[in-house]
Ligand SMILES: NC(=O)c1ccc[n+]([C@@H]2O[C@H](COP(=O)([O-])OP(=O)(O)OC[C@H]3O[C@@H](n4cnc5c(N)ncnc54)[C@H](OP(=O)(O)O)[C@@H]3O)[C@@H](O)[C@H]2O)c1
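In the numbering used here, the protein residues as written are 39 to 337.
This is the structure we're talking about:
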């Protein structure tokens, strides 16, 4: 796997952490509903090992995937970790007995979450911890993150966290958090059909802060678009490969963490760095979000 196929390299601002722009998101390794163990434990180990073998050096995870299970599988597959591997985790909630996502933002809960990530990943310090806002289930919504972000900044000063990021946040929340501690990345929902963050991406690019879209392929509702399929056929790639290549083209601060539980899909995803999108095709792909918006029910 050549470097170009992993989209080139990116250094998180103000850090010595440099990663390929194409990484891997581990959430799909948990059981159904991101709850419980992987449906195929050996396959989960194989996907992680194949990713590293291909040069992936950026893995996104959380101790609330499973819960605990995904971090434990990462540790089993990859520990001791090779030099240069960046593990990014997130905190903000715990799981209930039926898999419920229960917000957990108090000092005690955040501290416990950081310790649980350290233990289950088997590290002394976490490379990057994202604070995931939960003011709305539908997406970013205004609300103060001052208290919980201050707790994470304290844990950073104690040496348990190297760098901080944010998830599911607004532009104002990013600006407010940066007054407390440096923010190296933002992880929000964004893909070809959901482009609410266009302005935020450009804003972050100006300060070289990484933008790491979750659900880059649509997540639990895979992207479906006849335009995407038609352009992909013309370029002789799959629609999912093209959706990721479009993200790489979208902005220089875009880092990818597509999720998959399959080695075949992993290989497809790691091959997208060499896809060239001609201007006419780019224009057609840019039209997808506009038509998705027009088709959405108006409230
Ligand atoms: N911060 C947050 O709130 C948040 C929320 C959600 C996710 N995340 C992170 O973002 C990462 C990415 O999101 P995601 O995994 O939920 O969604 P995603 O990457 O948009 O989509 C994953 C889905 O796409 C399928 N897929 C992957 N590669 C494919 C390919 N080449 N061809 C066809 N299908 C393919 C996967 O199925 P197979 O398993 O069959 O390949 C899976 O069903 C997660 O792993 C997680 O680390 C963060």
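C-beta atoms are modelled at their ideal positions from N, C-alpha and C, and glycine is treated no differently.
No experiment lies behind these values; they were computed from the predicted model shown.
Per DSSP, the bridge partner or partners of residue i
i           : result
residue 47  : 58
residue 225 : 205
residue 252 : 227
residue 96  : 124
residue 199 : 164
residue 292 : 249
residue 311 : Answer is none; residue 311 lacks a bridge partner.
residue 232 : 229
residue 297 : 63
residue 257 : Answer is none; residue 257 lacks a bridge partner.
residue 104 : 73
Cβ neighbour criterion (16 or more within 10 Å) applied to residue i
i           : result
residue 302 : exposed
residue 175 : exposed
residue 153 : exposed
residue 245 : exposed
residue 59  : buried
residue 309 : buried
residue 182 : exposed
residue 143 : buried
residue 79  : exposed
residue 205 : buried
residue 112 : buried
residue 298 : buried
residue 291 : buried
residue 168 : buried
residue 413 : With the chain running from 39 to 337 in the structure shown, residue 413 is simply not present.
residue 96  : buried
residue 151 : buried
residue 170 : buried
residue 135 : exposed
residue 213 : exposed
residue 117 : exposed
residue 186 : buried
residue 63  : buried
Rounded C-alpha distance that separates residue i from residue j
i           : j           : result
residue 328 : residue 145 : 42 Å
residue 330 : residue 197 : 45 Å
residue 283 : residue 44  : 11 Å
residue 100 : residue 126 : 8 Å
residue 133 : residue 102 : 6 Å
residue 241 : residue 57  : 21 Å
residue 337 : residue 252 : Residue placement at residue 337 is flagged as unreliable, the pLDDT there being 48, under the threshold of 50; a coordinate-derived value is accordingly withheld.
residue 273 : residue 321 : 14 Å
residue 294 : residue 224 : 12 Å
residue 120 : residue 239 : 31 Å
residue 208 : residue 149 : 24 Å
residue 257 : residue 49  : 26 Å
residue 306 : residue 215 : 36 Å
residue 232 : residue 249 : 14 Å
residue 77  : residue 300 : 12 Å
residue 173 : residue 210 : 14 Å
residue 91  : residue 115 : 12 Å
residue 226 : residue 178 : 8 Å
residue 73  : residue 319 : 39 Å
residue 195 : residue 122 : 22 Å
residue 254 : residue 131 : 22 Å
residue 326 : residue 237 : 17 Å
residue 180 : residue 323 : 30 Å
residue 271 : residue 277 : 8 Å
Beta carbon proximity, residue i to chain C, threshold 8 Å
i           : result
residue 299 : Any reference to chain C falls outside this structure, which holds one protein chain only.
Start-end ranges of the beta strand (DSSP E) lying completely within the stretch 52 to 81, minimum 3 residues: 56 to 58
Complete alpha helix (DSSP H) runs within the stretch 120 to 194 (minimum length 4 residues, chain order): 145 to 159
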